[in-house]
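Heads up: the sequence shown begins at 238 in this note's numbering, then just goes up one per residue.
Note that CB positions come from ideal geometry on N, CA and C, so glycine has one too.
Here the structure is a predicted model, which is why all the values come from computation and not from measurement.
Below: one structure, written as structure tokens.
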Amino acid sequence: MNYDLDFRYRRALQPDGLATIPTATQAVVDAMQDARNAGIDPATDPATILLARHVGRLALGHAPDQTFTEDTALRRQCIAKIDELKSKPAMVALARRGIGYDPEAKRAFHREARSALRVAARHLGLDPDQYDLRSNFAGPAVSGEITLHGDEIYVQVSIPCIRPGREVMFRRCKGRQDYLGDRNHFCDIAVLAAPHSFRALVVRETGLSINPRSQALL
Numbered sequence: 238m239n240y241d242l243d244f245r246y247r248r249a250l251q252p253d254g255l256a257t258i259p260t261a262t263q264a265v266v267d268a269m270q271d272a273r274n275a276g277i278d279p280a281t282d283p284a285t286i287l288l289a290r291h292v293g294r295l296a297l298g299h300a301p302d303q304t305f306t307e308d309t310a311l312r313r314q315c316i317a318k319i320d321e322l323k324s325k326p327a328m329v330a331l332a333r334r335g336i337g338y339d340p341e342a343k344r345a346f347h348r349e350a351r352s353a354l355r356v357a358a359r360h361l362g363l364d365p366d367q368y369d370l371r372s373n374f375a376g377p378a379v380s381g382e383i384t385l386h387g388d389e390i391y392v393q394v395s396i397p398c399i400r401p402g403r404e405v406m407f408r409r410c411k412g413r414q415d416y417l418g419d420r421n422h423f424c425d426i427a428v429l430a431a432p433h434s435f436r437a438l439v440v441r442e443t444g445l446s447i448n449p450r451s452q453a454l455l
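Structural data, given as structure tokens:
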């Protein structure tokens, strides 16, 4: 399955932070890889083309924030892609891509994972005051962890260095001070992005009871 991200489109629309040829060149390399991950030929990808043009213009001495009318069509394509991707879970794409040494992507991953965990909590019958939601950014080479800790359920999201498909760990616990809990269970991050499927998995694997009234409100 292919996964697209809006980062390269946003970066291409605002490349003024890419003020040197080395940083701008690296942005092109990253954009090409993201395009390939999305099943898109980099030679036809509007973001990659805009970023490549940016490198050339820096080499010619243009200011990094200078705009050019010949880029209008490509910029419109980037804007359209950003709008299209708003309805797609970037969390899954970021996990597939990896976020090591990319602080922008890491912040987005944590933001998206926190949002997904809030949705999951609602599907698990938890009100906002019935769980804690924490982020640990950890070091630059790793994803860190985003954790939902309720009175009976503990869910943690991270990107493992090995064995992909185990990005989400969940287990039963006995209170919000219980950091050991019962046996760990794992699933792919795409399951968390489908909250009905994640709820069914958690209930099946852990025996968690969900308030019927909470289910009726979904």
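Item                                                                                                                                   : Value
Beta-carbon proximity list for residue 380, same chain, < 6 Å, skipping 5 on both sides                                                : 336, 395 and 396
For residue 238, three-class secondary structure by DSSP                                                                               : Low confidence applies to residue 238: its pLDDT is 48, below 50, so where it sits in the model is not reliable, and the reading given next is rough at best. Coil, per DSSP.
Spatial neighbours of residue 244 in its chain, beta-carbon cut-off 8 Å, leaving aside the 5 residues before and after                 : 271, 341, 342 and 345
Euclidean distance between Cα positions of residue 368 and residue 388                                                                 : 7 Å
Contacts around residue 238, its chain only, beta-carbon distance under 8 Å, and the 5 residues preceding and following it disregarded : Bear in mind that a pLDDT of 48 at residue 238, under 50, signals an unreliable position, so the number given afterwards is only what the model happens to contain. Cβ within range, chain order: n/a, list empty.
Short Cβ contact (8 Å threshold) for residue 242 with residue 327                                                                      : yes
Alpha-carbon spacing of residue 413 relative to residue 446, whole angstroms                                                           : 17 Å
Cα-Cα separation between residue 295 and residue 301, rounded to whole angstroms                                                       : 7 Å
Residue range of the unbroken beta strand (DSSP E) whose run includes residue 390                                                      : 390-394
Cβ neighbour criterion (16 or more within 10 Å) applied to residue 417                                                                 : exposed
Length of the line joining the Cα atoms of residue 279 and residue 292                                                                 : 15 Å
Burial state of residue 305 (16 or more Cβ within 10 Å)                                                                                : exposed
Residue 407 - DSSP class collapsed to helix/strand/coil                                                                                : strand
Beta-carbon separation (whole angstroms), residue 383 vs residue 351, contact threshold 8 Å                                            : 6 Å
Limits of the beta strand (DSSP E) - the one that residue 368 falls within                                                             : 368-373
Bridge-paired residues (DSSP) for residue 384                                                                                          : 371 and 393
Beta-carbon proximity check, residue 422 vs residue 407, cutoff 8 Å                                                                    : yes
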